[in-house]
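**Student:** Residue numbers (my numbering): 2 to 559.
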RNA sequence: GUGCCCAUAGCUCAACCGGAUAGAGCACCAGCCUUCUAAGCUGGGGGUUACAGGUUCGAUUCCUGUUGGGCACACCA
């Protein structure tokens, strides 16, 4: 097939050539090709004539006329029209659209993979929960958004590393150790001696029990056996961290999320990276001593106040390992680093970037990137849920997975713009009716699978179908949507907005369901049958590819 | 008090970096299963895009202000 499949960039190139001829002085202008909302406005539209009206001091319609005259011929374009104030509307030939079926079936799972990232190294850090308890809903949103983002960026051609960073050394780990120790000694949170910052959830009792029973736990990145000695604080700390890391790992696995690298804060100290970062910052001349503390002049780099690096008691603030950690990421050669976190961490952005700038080693000002997701509230029976049995003070990710399943949980947590607050309605996510968008999409896929199975033929033979028979409005709508899919991947990757994939899939499923109700596929006419089956097989392929990006299954039956 | 995010149909959300008549689903009303899955489809009503200004051929989108909601503002992590 010699047809151009990326019509948008193809058309943009045609206009670039026309522009050089019509207005050589304005050749640097951005050429924007968009999909009109109305079918009567064509398949693609260009507003270039309107943009040129001012600099050329001519009417948009005259300019449009000239542009069209200068437009190189293309076998994929049926006709070009001027409309409205000066829009140039382009209509594709039917054959050009129909060719997408072959392209999708031929590329299979690879359809939608683009070369935006050109194989460059990129890292996404997400979840990064501290090992002090089970993952909560917010971590779940981070996991869903982060993992989907990784999938999208991978499809966009980046070499993606998934990383999980956790603090295994700070004050909260001390609280964890203390809480487990007290539980080992039979003291419960309702005892008056229970410390202020102690963890009260039931899971602490489980950790204590396992430790006293000398169980062995294995997390992705460590393995430890309980000593059974309630006075050995080092052993308890070690065991508790490993135990909770394992629990988080199991939650993540149940959520279909895997990491390539686990990074420990303690390693930054033990490997001398924190010390090294401090000496580099001191050597760079951006630090000063005041009130027995060492300060970094982050205000030189956009922060609203300077930050303490070394406290007067000699310890470092958390800010220092944060910078050390990102320096380490930089050295590992990631062209791009994206930190997916809860919005409550937004204040660290300026600080981390300022710290990296202060190193004076050529790290870009806006490195790393951040995707911050807003809060999640959980609703059940119309009321907000705030606690869970196991964790006590918050709703766990595990609760959601157990109650509504992995697919629906992932979909609901990833299908919203990260910037907006999210209401997770358990009743809606659980409902197996048409209220539920996950099933709507999966149902479309299952329906197609059933039709193909009923047909029973060899799928490869569909590549030979006569696609020119695909001519109805329903068929055209499906073709157009499949053509758009790589564009969706590109937008989602560029805007770091994985939810676009979810919305696209709803549209695709909707176009299919309408088609399904309007026409039969298994008809007597062999040629028509094969063409239609090829089309829906291609649609199923795109659905399956898109669902894979969301981490949601594409069932054959429902 | 300062900074960041958000505000679109009764509800939950879209709108392709400024485009043409702002779109879906739920809910409401009226229809469609002897046929490949009705977890579906078709049609209908429903909007001053929070409010007030500004920028221009053109604003839900960009700027300023106001109101309302969320988050963050340690020698804690």
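Using N, Cα and C, we set each Cβ at its ideal position, and we do this for glycine too.
Could you check which residue in 515, 392 and 485 has the C-alpha nearest to that of residue 504?
**Tutor:** 485
**Student:** Anyone know if the C-beta pair for residue 472 and residue 528 falls short of 7 Å?
**Tutor:** Between residue 472 and residue 528, the C-beta spacing is not below 7 Å.
**Student:** Can you give the beta carbon distance from residue 423 to residue 377, rounded, assuming they're within the 8 Å contact cut?
**Tutor:** 5 Å between Cβ atoms; contact.
**Student:** Please report the residue range of the beta strand (DSSP E) in which residue 78 lies.
**Tutor:** 78-84
**Student:** Applying the 10 Å Cβ sphere with the 16-neighbour rule, what's the burial state of residue 103?
**Tutor:** buried
**Student:** Just the C-alpha distance for residue 174 and residue 133, rounded to the nearest angstrom, thanks.
**Tutor:** Spanning the two alpha carbons is a distance of roughly 7 Å.
**Student:** State whether the segment 111-130 contacts the segment 145-162, with contact taken as three or more CB pairs (one from each stretch) at a distance under 8 Å.
**Tutor:** By the Cβ test, the segment 111-130 is in contact with the segment 145-162, since at least three Cβ pairs between them sit closer than 8 Å.
**Student:** Look at the alpha carbon of residue 210 and the alpha carbon of residue 185, and state the distance between them as a whole number of angstroms.
**Tutor:** 7 Å
**Student:** Taking the CB atoms as reference points, tell me whether residue 324 and residue 363 lie closer together than 7 Å.
**Tutor:** no
**Student:** Under three-state DSSP, which class holds residue 260?
**Tutor:** coil
**Student:** Where does residue 548 fall in DSSP's three states?
**Tutor:** helix
**Student:** Keeping to the same chain, check which residues put their C-beta closer than 6 Å to that of residue 90; ignore five residues upstream and five downstream.
**Tutor:** Around residue 90: 42, 43, 46, 82 and 84.
**Student:** If contacts are defined as beta-carbon pairs under 8 Å, then residue 68 and residue 49 qualify, I think. What distance do you get, rounded to the angstrom?
**Tutor:** 6 Å
**Student:** When we look at the beta-carbon of residue 87 and count the other beta-carbons within 10 Å, is it buried (16 or more) or exposed?
**Tutor:** That one is buried.
**Student:** Do the segment 444-454 and the segment 531-549 make contact, defined as three or more Cβ pairs closer than 8 Å?
**Tutor:** yes
**Student:** What would DSSP say about residue 160, mapped onto helix, strand or coil?
**Tutor:** strand
**Student:** CA-CA distance, residue 95 and residue 365?
**Tutor:** 47 Å
**Student:** Among the candidates 427, 336 and 556, whose CA atom is the shortest distance from the CA of residue 442?
**Tutor:** Of the candidates 427, 336 and 556, 556 places its Cα closest to the Cα of residue 442.
**Student:** Tell me the DSSP bridge mates of residue 98?
**Tutor:** Per DSSP, none; premise fails for residue 98.
**Student:** Any idea which residues DSSP pairs residue 342 with across the strands?
**Tutor:** 373
**Student:** Reducing DSSP to helix, strand and coil, say where residue 290 ends up.
**Tutor:** strand
**Student:** Looking at C-alpha atoms only, which residue of 79, 24, 34 and 76 is the closest neighbour of residue 54?
**Tutor:** 24
**Student:** Are residue 198 and residue 212 closer than 7 Å when you measure CB to CB?
**Tutor:** In this structure, residue 212 does not lie closer than 7 Å to residue 198 by Cβ.
**Student:** Since residue 310 contacts residue 297 with CB under 8 Å, what's their CB separation in whole angstroms?
**Tutor:** 5 Å
**Student:** Starting from the C-beta of residue 19, find all residues in its chain whose C-beta is less than 6 Å away, skip the five residues before and the five after it, and write them out in chain order.
**Tutor:** 68, 71 and 72
**Student:** For the alpha helix (DSSP H) containing residue 16, name the first residue and the last one.
**Tutor:** Note, residue 16: alpha helix (DSSP H), 8-23.
**Student:** Taking 7 Å as the threshold (C-beta atoms), are residue 306 and residue 294 in contact?
**Tutor:** no
**Student:** Would you identify the three-state DSSP class for residue 310, choosing helix, strand or coil?
**Tutor:** strand
**Student:** Let me know if residue 178 comes out buried or exposed under the rule of 16 or more other beta-carbons within 10 Å of its beta-carbon.
**Tutor:** buried
**Student:** Between residue 200 and residue 286, what straight-line distance do the alpha-carbon atoms span, to the nearest angstrom?
**Tutor:** 42 Å
**Student:** Can you check which of these residues, 115, 207 and 78, is closest to residue 391 by C-alpha distance?
**Tutor:** The shortest Cα separation from residue 391 among 115, 207 and 78 belongs to 207.
**Student:** Along the beta strand (DSSP E) that carries residue 416, what are the first and last residues, could you check?
**Tutor:** Here residue 416 belongs to no beta strand (DSSP E), and DSSP marks it neither H nor E.
**Student:** Using the Cα positions of residue 149 and residue 551, report the straight-line distance between them to the nearest angstrom.
**Tutor:** 5 Å
**Student:** Taking Cβ to Cβ, would you say residue 263 is nearer than 7 Å to residue 222?
**Tutor:** yes
**Student:** Identify whether residue 166 lies in helix, strand or coil by the three-state DSSP scheme.
**Tutor:** Three-state result, residue 166: strand.
**Student:** Go ahead and pull the three-state DSSP assignment for residue 2.
**Tutor:** Residue placement at residue 2 is poorly supported in this model, since its pLDDT is 42, which falls under 50; the coordinates are not used for a value here.
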